[in-house]
Amino acid sequence: MSEIPVHNEEQRGHETRDARFKEVVFSGVVLLGLMALGLIASVVLLTVFKETTQQPGNHPETFTQPQTAPPLPRLQPDPHANLLQMRMREDSLLNSYGLLAHDSQHVRIPVSRAMELVAKKLPVRATK
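In the working numbering, the protein residues as written are 1330 to 1457.
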């Protein structure tokens, strides 16, 4: 039988002594102290901010002044009406026939008619 070799302390791959109790306790106390200090600072800041902020509905006068029109030139005096006009032009283009260009042989057809033509060309699956 072979004997188990005895190694000296420098050759061991692990700690051979226990942790120092005083250092562990001191580290825990410091950590708890920092946590308490952070909690106290948070409470102080919360109370300061609560006192300095305005409650809902109590806005400064600068926010309640009537809005004035921007300086000239106004590029879009009535944006809602412009949007409605643009949508009406788009709808008329999508739902009518017409030439794409005056000298072109390409035409524009309504979207619903285009969908019908494409649907006719699609293969039909046999139903059971």
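By construction, the Cβ of each residue, glycine as well, lies at the ideal position given by its N, Cα and C atoms.
Cα-Cα separation, residue i to residue j
i     : j     : result
D1499 : L1422 : Here the chain covers residues 1330 to 1457 and nothing more, so residue 1499 does not appear.
V1377 : L1368 : 14 Å
K1379 : S1371 : 12 Å
A1410 : L1401 : 19 Å
P1408 : D1420 : 18 Å
L1360 : T1382 : 33 Å
A1448 : Q1405 : 42 Å
D1347 : V1358 : 20 Å
Y1426 : I1438 : 5 Å
Contact under 8 Å by Cβ, residue i with residue j
i     : j     : result
L1429 : V1436 : yes
Sheet register partners of residue i (DSSP bridge)
i     : result
G1427 : R1437
Identity of the residue in the options nearest residue i by Cα
i     : options             : result
N1424 : K1457, G1362, R1442 : R1442
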